[in-house]
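Peer 1: What follows is a structure written as structure tokens; I'll ask about it next.
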Amino acid sequence: MEIINRRKRMMSVARKLRREENRTIGFVPTMGALHEGHLSLIHEARAMCDVVVVSVFVNPAQFSPAEDFDSYPRDLTRDAALLAEYNVDYVFAPTVEEIYPPGFSTYVMVEGASDELEGASRPGHFRGVTTVVAILFNAVKPDFAFFGQKDAQQAILIKRMVRDLAFNTEIVVLPIVREPSGLAMSSRNNYLNDEQRRAATVLNRALTQAREAYEEGEHNTARLVELVRATIEKEPLARIDYASVNDAETLEQLDKIDDRLALVSLAVFVGETRLIDNVVLGKTKKHVAAEA
Ligand code: AMP
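Next comes the structure, spelled out in structure tokens:
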């Protein structure tokens, strides 16, 4: 496994792999502090592609000044050891200056959907995400790139960017990996103490209740959101930022869940730590096929 710090080196490795060796490149962008959620993406990349590249880059452009860029957990030695175990071929771990050289002034922005949900709570966040992913895609030139459903809106926006800007990369989105308690794995779970970690399971409990209510026939989204809010409000250590039901592809707000897939998503503060989680409701392709 080679650890690459330079963008130029990454580009020449990718060029050689594709042009001379005709090998498919699978790419997993991360901010490090790796956990099993990341590893599930790497596992799939390993299964689907000849060469696996993982980036570890805490991207300043997606943090607002009040957010946790400085305190975000960083441990490249631990991450690199895990990645070697998972038979990753290249780790791309550039410095901030390498990605944003002096005079940097070009940004990629998916209009409209970037301002909803996470974007409404974190202005500028997705401009930073789509910009860095565009830069990383140009450096790595992946055939496939792997993202987690944990960041559902991010996956939607990246798919849109790839389509709109004609990137030659297929986006693969994989399910949320959870701890046995139901808590969605996240690097930010590192901030939680034991009591907060227990309290944080309320996100998944609230979403599970919404799913059960939906399955019992409640398709009115206002009532589903009310149910989610009521559950979160019962947990004294939790403070809700938003809970919302949106079209799982366009992010349009839904009044009721009919034949489109619906994304039920929420952001909740547990102490100072902001956590997100979601569930998709509606007829899956499997259900539709079974009925046909
Ligand atoms: P991050 O390092 O938080 O930027 O995440 C890197 C990638 O891992 C993103 O595509 C995330 O959606 C994905 N990811 C993070 N947590 C999970 C999880 N619990 N399950 C699945 N994917 C995840």
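For the sequence shown, the tail end lands on 570 under our numbering, and the numbers increase by one without skipping. Heads up, the beta-carbon is just placed ideally off N, CA and C, and yes, glycines get one too. Treat the numbers as computed from the prediction; the structure is a model and nothing was measured.
Just checking T551 against the ligand AMP - is the residue's beta carbon closer than 7 Å to any of the ligand's heavy atoms?
Peer 2: Working through the sequence shown from its first residue, we reach residue 551 at position 273. No - the ligand AMP has no heavy atom lying nearer than 7 Å to the Cβ of T551.
Peer 1: Does the ligand AMP have even one heavy atom less than 7 Å from the beta-carbon of K428?
Peer 2: The residue labelled residue 428 in the question sits at position 150 within the sequence shown. Yes, since a heavy atom of the ligand AMP falls inside the 7 Å radius drawn around the Cβ of K428.
Peer 1: Are the CB atoms of A526 and A540 within a distance shorter than 8 Å?
Peer 2: The residue given as residue 540 occupies position 262 in the sequence shown. The residue given as residue 526 occupies position 248 in the sequence shown. Yes, the pair counts as a contact, with Cβ atoms nearer than the cut-off.
Peer 1: Closer than 7 Å to a non-hydrogen atom of the ligand HEM - does that hold for the CB of A462?
Peer 2: Among the ligands in the structure shown, the ligand HEM does not appear; only the ligand AMP can be found there.
Peer 1: For a test of your reading of the model: does the CB of H403 fall under 7 Å from any non-hydrogen atom of the ligand AMP? Yes or no.
Peer 2: Position 125 of the sequence shown, counting from 1, holds the residue named residue 403. No - the ligand AMP has no heavy atom lying nearer than 7 Å to the Cβ of H403.
Peer 1: Run through DSSP, which three-state label would P338 get?
Peer 2: Taking the sequence shown and counting its residues from 1, one reaches residue 338 at position 60. P338: helix per DSSP, three-state reduction.
Peer 1: Is M387 near the ligand AMP - that is, is its Cβ less than 7 Å away from at least one heavy atom of it?
Peer 2: Taking the sequence shown and counting its residues from 1, one reaches residue 387 at position 109. Outside the cutoff, so no.
Peer 1: Should Q340 and V407 be called a contact, given that it needs their Cβ atoms to be closer than 8 Å?
Peer 2: One-based indexing of the sequence shown puts residue 340 at position 62. One-based indexing of the sequence shown puts residue 407 at position 129. In this structure, Q340 sits near V407, with a CB-CB distance shorter than 8 Å.
Peer 1: What are the partner residues of T308, as DSSP defines its beta bridges?
Peer 2: The count along the sequence shown starts at 1 and reaches residue 308 at position 30. Looking at the DSSP output, T308 sits in a beta bridge with V334.
Peer 1: Does the ligand AMP have even one heavy atom less than 7 Å from the beta-carbon of G315?
Peer 2: Counting from one through the sequence shown, the residue named residue 315 turns up at place 37. Indeed, a heavy atom of the ligand AMP lies less than 7 Å from the Cβ.
Peer 1: Measure how close the beta-carbons of V330 and D367 come, nearest whole angstrom, since I'm counting them as under 8 Å.
Peer 2: Translated into positions along the sequence shown, residue 330 becomes position 52. Translated into positions along the sequence shown, residue 367 becomes position 89. Confirmed, about 5 Å.
Peer 1: Measuring only from the beta carbon, is F425 closer than 7 Å to any heavy atom that is part of the ligand AMP?
Peer 2: To locate residue 425, count along the sequence shown from 1; it is residue 147. F425 Cβ: within cutoff of the ligand AMP.
Peer 1: Between the C-alpha atoms of H321 and R296, what's the straight-line distance to the nearest angstrom?
Peer 2: Position 43 of the sequence shown, counted from the first residue, corresponds to residue 321. Position 18 of the sequence shown, counted from the first residue, corresponds to residue 296. Distance between the alpha carbons of H321 and R296: 21 Å.
Peer 1: Give the secondary structure of I554 by DSSP, where H, G and I count as helix, E and B as strand, and everything else as coil.
Peer 2: Residue numbering aside, residue 554 sits at position 276 when the sequence shown is read from its first letter. Secondary structure of I554 (DSSP, three-state): strand.
Peer 1: Could you check where the alpha helix (DSSP H) with Y520 kicks off and where it finishes?
Peer 2: Translated into positions along the sequence shown, residue 520 becomes position 242. Looking at the DSSP string, Y520 is not in any alpha helix (DSSP H); the run it does join, the beta strand (DSSP E), is A516 to D525.
Peer 1: With contact counted as at least three CB pairs below 8 Å, one residue from each stretch, are the stretch 432 to 445 and the stretch 411 to 419 in contact?
Peer 2: With a cut-off of 8 Å, the stretch 411 to 419 and the stretch 432 to 445 count as touching, because enough Cβ pairs lie within range.
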